[in-house]
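*Asks:* Each step along the sequence shown adds one to the number in full-length UniProt numbering, with nothing skipped, and position 266 is 266.
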Amino acid sequence: MSARERLISHLSRYRSIIPDFDSFIDYQFRPLNPTIRTNTLLLEPGELASMLSSRGMRLSAVPWHPWFFRVDDPGQVGNPGRTMEHLLGYYYVQELTSALPPMVLSPRPGDLVLDVAAAPGSKTTQMAQMMRNSGTIVANDVDYRRMGALRSNVDRLRITNVVMTRNDGRRIQSSVAFPRILLDAPCSSEGIARRSPEHVAKLTLTQIRGLSRLQISLIRRSIDLLAPGGLLVYSVCTFAPEEAELVVDHAISLGVEPEEVRLPLRSEPGIREWVDEKGRHYRFSPGVEMAVRIYPHLNDTGGMFIALLRKPEAR
Ligand SMILES: C[S@@+](CC[C@H](N)C(=O)[O-])C[C@H]1O[C@@H](n2cnc3c(N)ncnc32)[C@H](O)[C@@H]1O
Numbered sequence: 001m002s003a004r005e006r007l008i009s010h011l012s013r014y015r016s017i018i019p020d021f022d023s024f025i026d027y028q029f030r031p032l033n034p035t036i037r038t039n040t041l042l043l044e045p046g047e048l049a050s051m052l053s054s055r056g057m058r059l060s061a062v063p064w065h066p067w068f069f070r071v072d073d074p075g076q077v078g079n080p081g082r083t084m085e086h087l088l089g090y091y092y093v094q095e096l097t098s099a100l101p102p103m104v105l106s107p108r109p110g111d112l113v114l115d116v117a118a119a120p121g122s123k124t125t126q127m128a129q130m131m132r133n134s135g136t137i138v139a140n141d142v143d144y145r146r147m148g149a150l151r152s153n154v155d156r157l158r159i160t161n162v163v164m165t166r167n168d169g170r171r172i173q174s175s176v177a178f179p180r181i182l183l184d185a186p187c188s189s190e191g192i193a194r195r196s197p198e199h200v201a202k203l204t205l206t207q208i209r210g211l212s213r214l215q216i217s218l219i220r221r222s223i224d225l226l227a228p229g230g231l232l233v234y235s236v237c238t239f240a241p242e243e244a245e246l247v248v249d250h251a252i253s254l255g256v257e258p259e260e261v262r263l264p265l266r267s268e269p270g271i272r273e274w275v276d277e278k279g280r281h282y283r284f285s286p287g288v289e290m291a292v293r294i295y296p297h298l299n300d301t302g303g304m305f306i307a308l309l310r311k312p313e314a315r
């Protein structure tokens, strides 16, 4: 079987849940232009656009987020991750769907935020911008090597409200409870097939189930660390219900309340039922429908699943 056939064969497990499935498959083979986020701590989006346009880069604005541009043609510059402007921290290369979980969590200046799985820092640095470099983000990750990338991104963007910790997210200890937590969990990353088709083509059900168990442990600990009344955003860049609705369903069973996820682009609600390729039948509680599924063919992006959960106030 060719890599293309293996990718299609793997993704076919979602035929019954993804609308317009043929178009979904078609999009897996379309190149995804890079997108960049202006570092608004250092300059305005318009300034960045004229700087890069004068170097021959062709950009188009993203209608639903003023900080972002699509790189339609990098011109002579080549890789947008290797320019002087990038090195100076004027922008961050970030896929558009990756910008959505911070938008849903919506941290404000002065807030205290825990980012449980933060490296390499796309969302940490975006949240630091949203908080105008004030308040505190505890950016945690378990992987020391990936934390090097997180540190360098935080430094490059001249961010000063981030504290880095290295812990297994299942065992983070804290004497304070967090009013806002982002759990952008390790996942099977099916939503990045447009960039890494080989990775997705090789995925197995055993891997997906293993990740699901890890995600459930991570969300349990995140709920423990959440302040009463606090908000938790759970996101994974994948389509597998075992890593999406199943995890959120478990969180709901622990007492957190789902809230509606509102996004400025097309999405589908979380699903209530799923039968996997081995015939295992899953049924999820109605609250999972408040989460959203973002599919590549709906907005010409990657894929993502996002849920917003609130811990009830203490009685
Ligand atoms: C999807 S990536 C995070 C991407 C990051 N939020 C961003 O926007 O740049 C998942 C991360 O989870 C980390 N991870 C894996 N297992 C973990 C664990 N048990 N505790 C904390 N982090 C973990 C990985 O090292 C990886 O950096």
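Ideal Cβ placement from N, Cα and C applies to all residues, glycine included. Note that the coordinates shown come from a computational prediction; the quantities given were computed from them, not determined experimentally.
At which residue ranges does the stretch 87 to 171 contain complete beta strand (DSSP E) runs of 3 or more residues, listed in the order of the chain?
*Replies:* Fully enclosed beta strand (DSSP E) runs of 3 or longer: 91 to 93, 112 to 115, 136 to 141, 162 to 166.
*Asks:* Just checking Ser-122 against ligand 1 - is the residue's beta carbon closer than 7 Å to any of the ligand's heavy atoms?
*Replies:* yes
*Asks:* Distance check for Ser-54 and Leu-183, CA to CA, integer angstroms please.
*Replies:* Roughly 39 Å between the two C-alpha positions.
*Asks:* Of all the options Leu-43, Asp-111, Glu-243, Met-103, which has the alpha carbon lying nearest to the alpha carbon of Arg-180?
*Replies:* Asp-111
*Asks:* Within the continuous alpha helix (DSSP H) that includes Val-200, where are the two ends?
*Replies:* For Val-200, the enclosing alpha helix (DSSP H) has its first and last residue at 197 to 201.
*Asks:* Can you list, in chain order, the residues of its chain whose CB lies under 8 Å from that of Trp-64, leaving out five sequence neighbours each side?
*Replies:* Pro-264, Leu-265
*Asks:* Under the criterion of a Cβ to heavy atom distance below 7 Å, does Arg-146 qualify as lining ligand 1?
*Replies:* yes
*Asks:* Do Val-261 and Met-290 have their CB atoms nearer than 8 Å?
*Replies:* yes
*Asks:* Under the criterion of a Cβ to heavy atom distance below 7 Å, does Val-275 qualify as lining ligand 1?
*Replies:* no
*Asks:* Report the start-end ranges of each beta strand (DSSP E) in the stretch 241 to 312 that is 3 residues or longer and not cut off at the edges.
*Replies:* 257 to 259, 273 to 275, 281 to 283, 292 to 294, 304 to 310
*Asks:* Considering only C-alpha positions, which residue in the set Phe-284, Ala-49, Gly-81 is nearest to Pro-66?
*Replies:* Ala-49
*Asks:* Using C-beta distances below 7 Å, list every residue in its chain close to Met-147, excluding the 5 sequence neighbours before and after it, in chain order.
*Replies:* Ala-119, Asp-141, Met-164, Arg-166
*Asks:* Whole angstroms are fine: how far does the CA of Gly-279 sit from the CA of Thr-97?
*Replies:* 31 Å
*Asks:* Which class does Phe-69 belong to by DSSP, given the choice of helix, strand or coil?
*Replies:* strand
*Asks:* Mind checking which residues open and close the beta strand (DSSP E) that includes Tyr-27?
*Replies:* Note, Tyr-27: premise wrong, no beta strand (DSSP E); alpha helix (DSSP H) at 21 to 28.
*Asks:* Would Ser-12 and Met-1 be called neighbours here (beta carbons separated by less than 8 Å)?
*Replies:* Remark: C-beta atoms of Ser-12 and Met-1 do not approach each other more closely than 8 Å.
*Asks:* Can you grab the Cα-Cα spacing for the pair Glu-259 / Arg-310, in whole Å?
*Replies:* 7 Å
*Asks:* Quick one: Cα of Leu-43 to Cα of His-281, how far?
*Replies:* 51 Å
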